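Chains as they are written, first to last, in the numbering used here: chain A, 3 to 250; chain B, 32 to 112.
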């Protein structure tokens with residue numbers, strides 16, 4: 003195909019005002035935004051966030067949307083060590099602050115209740131964020147699609163939405179695995195997701211399950227390959243990788 | 032460097048093509064693998080943004096931003112859209 007130079011156009015950036023901020027873990031916060039002409043979004047989509055410094059320097063990152071369709075835009079952001087955007091969002095941003103957002107973006111890693119299931123959601127770390135939007139969408143729609151969420155975190159302190167996931171509602175099972183440290187008397191999984199764990203947790207292939215896998219690249223590759231090896235059709239395993247240190 | 036998904040550049044692609052592209056179909060010009068754009072391998076930290084085939088690793092698309100212009104190279108693709 004061709005080469006071309008496209009003049010920067012489509013100024014689709016919109017001003018977003020931080021409306022509220024709440025802590026999820028010591029490294030993650032949920033930010034609720036007021037966007038004047040938010041067109042609405044689907045579960046699994048993301049937005050690009052752009053910050054502009056006083057000297058004009060701009061930094062831009064993609065973040066998954068945490069809220070359900072119909073709810074105001076909310077992002078849950080986990081601080082990464084060299085993350086100039088995530089540091090500001092998790093440490094500095096406060097109600098009334100302005101930034102720019104572009105989106106919603108994405109038509110591949112999306113789920114809506116009409117897609118059905120049974121649904122297998124697999125999250126590594128902050129990969130839980132778009133899956134949480136799906137869970138909320140399911141609940142708000144009164145859907146009875148059976149869901150199993152396998153959520154891998156380093157420790158219990160790193161679990162985002164912990165209290166919300168404790169009572170996920172009828173038809174939703176949440177299975178945690180804690181890979182680095184576990185609370186005393188922990189009886190759950192305590193290792194990275196592997197084939198034997200998926201054999202216990204994942205829906206049998208015969209039921210025509212649909213899987214969404216989101217997290218760091220290594221997590222997504224391991225889980226999606228294991229699912230395909232166990233017979234999940236590749237087109238029924240949707241993936242979203244956000245690199246080694248987070249971002250999307 | 033680890034690759035992310037085509038989904039990660041949905042905003043950039045929208046800027047360039049003027050429409051949602053992550054669910055568009057692509058065919059690799061080298062090996063013929065057909066995938067949705069969201070399934071392609073994207074390297075964000077190369078000089079510019081590099082999109083590669085997940086089957087044969089060929090470079091499919093390159094985007095380089097220079098001031099208000101985005102230079103787009105789609106030579107690695109057989110088809111897109």
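The beta carbon of each residue, even a glycine, is placed where N, CA and C say it ideally should be. Quick caveat: nothing in here was measured; it's all calculated off a predicted structure.
Among the residues facing chain A, residue 35 of chain B is included, as its CB has a counterpart in that chain under 8 angstroms away. Neighbours of residue 92 of chain A in chain B, taken as residues at a C-beta separation under 7 angstroms, are lacking, since the least C-beta distance is about 20 angstroms.
Residue state for residue 117 of chain A is assigned as helix, using DSSP reduced to three classes. In this structure, the beta-carbon distance from residue 128 of chain A to residue 30 of chain A falls below 8 angstroms. Looking only at A:132, A:205 and A:65, the smallest Cα-Cα distance to residue 40 of chain B is reached by A:65. Ranking A:175, A:88, A:176 and A:75 by CA distance to the CA of residue 47 of chain A puts A:75 first.
Sixteen is the threshold: since fewer than 16 other Cβ atoms of the shown chains lie within 10 Å of the Cβ of residue 17 of chain A, the residue is exposed. Assigned with DSSP and collapsed to three states, residue 221 of chain A falls in helix. Residue 115 of chain A is not a Cβ neighbour of residue 148 of chain A, given a cutoff of 8 angstroms.
Nearest CB-CB separation between residue 88 of chain B and chain A: not below the 8 angstroms threshold.
Taking CB atoms only, residue 242 of chain A has a neighbour in chain B less than 8 angstroms away.
Secondary structure of residue 164 of chain A (DSSP, three-state): helix. For the region 116–194 of chain A, the continuous beta strand (DSSP E) assignments of 3+ residues that do not extend past its boundaries occur at 121–126, 149–155 and 174–180, in sequence order. Here residue 45 of chain B carries a helix assignment [DSSP, helix/strand/coil]. A distance below 6 angstroms between beta-carbons, with the five flanking residues on each side excluded, links residue 61 of chain A to the following residues of its chain, in chain order: 53, 86 and 87.
Rounded to the nearest angstrom, the gap between the Cα atoms of residue 215 of chain A and residue 94 of chain A is 30 angstroms. When DSSP states are grouped into helix, strand and coil, residue 105 of chain A belongs to the strand group. Three or more Cβ pairs drawn from the region 174–181 of chain A and the region 131–150 of chain A lie within less than 8 angstroms of each other, which places the two stretches in contact.
For residue 202 of chain A, there is no enclosing beta strand (DSSP E); the enclosing alpha helix (DSSP H) covers residues 197–203. Where residue 87 of chain A is concerned, the enclosing alpha helix (DSSP H) starts and stops at 86–89.
Remark: C-beta atoms of residue 60 of chain B and residue 107 of chain B approach each other more closely than 8 angstroms. Around the beta carbon of residue 42 of chain B, 16 or more other beta carbons sit within 10 angstroms, so the residue counts as buried.
Approximately 11 angstroms separates the beta-carbon atoms of residue 55 of chain B and residue 65 of chain B; this is outside 8 angstroms, ruling out the contact. Among the CB atoms of chain B, one or more fall inside 8 angstroms of the CB of residue 219 of chain A. For the pair residue 37 of chain A and residue 104 of chain A, the CB atoms are not nearer than the 8 angstroms cut-off. Residue 83 of chain A and residue 92 of chain A have their C-alpha atoms spaced approximately 12 angstroms apart. Any Cβ of chain B closer than 8 angstroms to the Cβ of residue 108 of chain A would place that residue at the interface, and such an atom is present.
DSSP places residue 93 of chain B inside the beta strand (DSSP E), whose first and last residues are 90–97.
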